[in-house]
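Colleague: Each protein sequence line maps, in turn, to chains A and B.
Position 33 of the first sequence, counted from 1, bears residue number 39 in this note's numbering, the numbering being contiguous throughout.
Position 86 of the second sequence, counted from 1, bears residue number 142 in this note's numbering, the numbering being contiguous throughout.
Glycine included, C-beta positions come from ideal geometry on N, C-alpha and C.
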Amino acid sequence: VTLLVSFTSIRLAATVTVFQVGSSTHSGELVVSVVGELDLASTDEFLAEVNDAVGDEQNLKLDLSGVTFMDSTGLGALIKVRNRLVDRGGALSFVAVSAAVERVLTLTGMAETFGLEPEGQVDA
Amino acid sequence: MNEGELVPGVGPLSDRREWDVATIKIEVPALPDFVAPLRSATRSASALADLAVDDIEELQIAVDEAATLLLPLVDPRGPRMLEARFQIGDGEVQISLAVYAVAGADVDRTGMAWIMLSALDPSVDVRSESDCVTIVITRVRSGRSQ
Numbered sequence: 007v008t009l010l011v012s013f014t015s016i017r018l019a020a021t022v023t024v025f026q027v028g029s030s031t032h033s034g035e036l037v038v039s040v041v042g043e044l045d046l047a048s049t050d051e052f053l054a055e056v057n058d059a060v061g062d063e064q065n066l067k068l069d070l071s072g073v074t075f076m077d078s079t080g081l082g083a084l085i086k087v088r089n090r091l092v093d094r095g096g097a098l099s100f101v102a103v104s105a106a107v108e109r110v111l112t113l114t115g116m117a118e119t120f121g122l123e124p125e126g127q128v129d130a
Numbered sequence: 057m058n059e060g061e062l063v064p065g066v067g068p069l070s071d072r073r074e075w076d077v078a079t080i081k082i083e084v085p086a087l088p089d090f091v092a093p094l095r096s097a098t099r100s101a102s103a104l105a106d107l108a109v110d111d112i113e114e115l116q117i118a119v120d121e122a123a124t125l126l127l128p129l130v131d132p133r134g135p136r137m138l139e140a141r142f143q144i145g146d147g148e149v150q151i152s153l154a155v156y157a158v159a160g161a162d163v164d165r166t167g168m169a170w171i172m173l174s175a176l177d178p179s180v181d182v183r184s185e186s187d188c189v190t191i192v193i194t195r196v197r198s199g200r201s202q
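1. For A:D69 and A:G115, I'd like the C-alpha separation in whole angstroms.
2. Look at the alpha carbon of A:S15 and the alpha carbon of A:L84, and state the distance between them as a whole number of angstroms.
3. Could you tell me whether any Cβ in chain A is nearer than 9 Å to the Cβ of B:T124?
4. Following the continuous alpha helix (DSSP H) through B:T98, name the residue where it begins and the one where it ends.
5. Whose Cβ in chain B lies nearer than 9 Å to the Cβ of A:T114?
6. Run through chain A and tell me which residues come within less than 7 Å of B:D120, C-beta to C-beta.
7. Short of 8 Å in beta carbon distance, which residues of its chain neighbour B:C188, apart from the five on each side in sequence? Order them along the chain.
8. Among all the DSSP beta bridges, which residues are the ones paired with B:D164?
9. Within 9 Å (strictly less), CB to CB, does A:L81 reach chain B?
10. In angstroms, rounded to a whole number, what distance separates the CA positions of A:A106 and A:D77?
11. To which residues of the same chain is B:D177 closer than 6 Å at the C-beta, ignoring the five residues directly before and after it?
12. Considering only their Cβ atoms, is the gap separating B:R133 from B:A86 smaller than 9 Å?
13. Using DSSP with H/G/I as helix, E/B as strand and the rest coil, what is A:M116?
14. Taking Cβ to Cβ, would you say B:V163 is nearer than 9 Å to B:L129?
15. What are the start and end residues of each continuous alpha helix (DSSP H) run of 4 or more residues lying completely inside the segment 72 to 122 of chain A, in chain order?
16. So B:V91 contacts chain A; which residues on that side make the cut at Cβ distance below 8 Å?
17. Terminal residues of the continuous alpha helix (DSSP H) containing B:Q116?
18. Considering just the uninterrupted stretch of the alpha helix (DSSP H) at A:V60, what are its terminal residues?
19. How long is the line joining the alpha carbons of A:L91 and A:E63, rounded to whole angstroms?
20. Tell me whether A:L66 sits in a helix, a strand or coil according to DSSP, three-state version.
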């Protein structure tokens with residue numbers, strides 16, 4: 007059951023690209039959803055929004071099904087978030103990923119690190 | 057629909073166009089917000105070259121990574137612009153990205169951006185000439201020999 011949904015960041019970039027980060031609590035678990043392009047122009051904002059949403063939580067689920075583009079800076083941001091949670095004994099997992107995200111994770115050999123299975127499925 | 061047809065029955069673009077090779081030049085401010093327009097231009101140029109969808113998407117990532125590598129090199133005392141040159145042929149696109157760089161600056165070949173770029177284009181070329189650093193990316197339509 008989704009208890010709370012709040013979109014805290016909406017940015018309209020030069021190319022009319024909307025970037026949104028929203029957080030919700032789903033069955034007691036923190037879920038952050040990202041919509042738009044996760045690139046050099048948006049990763050700082052993504053990290054700030056995720057850090058605000060996570061607070062002192064140990065675990066985070068990311069819904070990246072709405073990410074239309076991701077590059078190495080976006081991947082770097084995901085690794086930072088993951089490492090921060092692991093350092094405090096928690097974990098980062100995915101609810102779902104888009105083809106754009108899956109492509110980069112596969113290309114860099116990071117898919118398994120993030121628990122990604124073939125065809126965009128994620129471990130339970 | 058036959059291979060190369062954008063619209064059923066219309067025929068491949070290469071059969072209809074009135075040019076063999078075309079060049080598009082775009083200059084944008086050397087800032088992160090202006091990398092997205094280069095990705096859009098890459099998609100358009102790749103479509104004109106009749107590249108496959110996977111080729112187009114990978115080329116967009118490659119251009120993005122090349123820009124990511126070049127932006128930190130920009131000389132703040134220079135024009136602070138990023139120039140992109142698209143050479144479009146039938147089934148082939150060559151993209152050159154260039155910036156006026158700080159003297160002696162070179163592309164970082166140790167980070168994730170370079171790993172991704174070199175994986176997407178193993179023949180990627182980096183050229184440093186006087187105060188300019190250029191990255192050249194080439195993509196040939198899948199299944200077509202270079």
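Modeller: In this structure, then:
1. The count along the first sequence starts at 1 and reaches residue 69 of chain A at position 63. The count along the first sequence starts at 1 and reaches residue 115 of chain A at position 109. Distance between the alpha carbons of A:D69 and A:G115 is about 20 Å.
2. The residue labelled residue 15 of chain A in the question sits at position 9 within the first sequence. The residue labelled residue 84 of chain A in the question sits at position 78 within the first sequence. Reliability fails at A:S15, whose pLDDT of 45 lies under 50, so the model's placement of it is uncertain and the value that follows must be treated cautiously. Approximately 18 Å between the Cα atoms of the pair.
3. Residue mapping note: residue 124 of chain B aligns to position 68 of the second sequence, counting from 1. Yes, contact with chain A.
4. Indexing the second sequence from 1 puts residue 98 of chain B at position 42. Run containing B:T98: V91 to L104, per the alpha helix (DSSP H) assignment.
5. If you number the first sequence from 1, residue 114 of chain A lands on position 108. Within 9 Å Cβ-Cβ: M168, I171, M172 and A175.
6. The residue given as residue 120 of chain B occupies position 64 in the second sequence. Per Cβ cutoff of 7 Å: D45 and D77.
7. The sequence position of residue 188 of chain B within the second sequence is 132, counting from 1. Counting only Cβ-Cβ distances below 8 Å, and skipping sequence neighbours, we find A154, V155, Y156 and A157.
8. For the purposes of this step, residue 164 of chain B is taken as residue 108 along the second sequence, with counting starting at 1. Answer is none; B:D164 lacks a bridge partner.
9. On the first sequence, residue 81 of chain A is found 75 positions in, with the first residue counted as 1. Yes, because at least one Cβ of chain B sits closer than 9 Å to the Cβ of A:L81.
10. Position 100 of the first sequence, counted from the first residue, corresponds to residue 106 of chain A. Position 71 of the first sequence, counted from the first residue, corresponds to residue 77 of chain A. Their Cα atoms are separated by approximately 9 Å.
11. Here the question's residue 177 of chain B lines up with position 121 in the second sequence. Contacts found: A118 and I193.
12. Walking along the second sequence from the start, residue 86 of chain B turns up at place 30. Walking along the second sequence from the start, residue 133 of chain B turns up at place 77. Not a contact, by the Cβ cut-off of 9 Å.
13. Position 110 of the first sequence, counted from the first residue, corresponds to residue 116 of chain A. Correct three-state label for A:M116: coil.
14. As a working mapping, residue 163 of chain B is identified with position 107 in the second sequence. As a working mapping, residue 129 of chain B is identified with position 73 in the second sequence. Yes, the pair counts as a contact, with Cβ atoms nearer than the cut-off.
15. 78 to 93 and 105 to 113
16. In the second sequence, residue 91 of chain B corresponds to position 35, counting from 1. Those are D45, L46 and A47, listed as they occur along chain A.
17. In the second sequence, counting from the first residue as 1, residue 116 of chain B sits at position 60. B:Q116 -> alpha helix (DSSP H) spans V109 to L126.
18. In the first sequence, the residue the question calls residue 60 of chain A occupies position 54. Counting along the chain, the alpha helix (DSSP H) containing A:V60 begins and ends at T49 to V60.
19. By 1-based counting over the first sequence, the position of residue 91 of chain A is 85. By 1-based counting over the first sequence, the position of residue 63 of chain A is 57. Spanning the two alpha carbons is a distance of roughly 8 Å.
20. Taking the first sequence and counting its residues from 1, the one referred to as residue 66 of chain A is at position 60. Three-state DSSP puts A:L66 in a strand.
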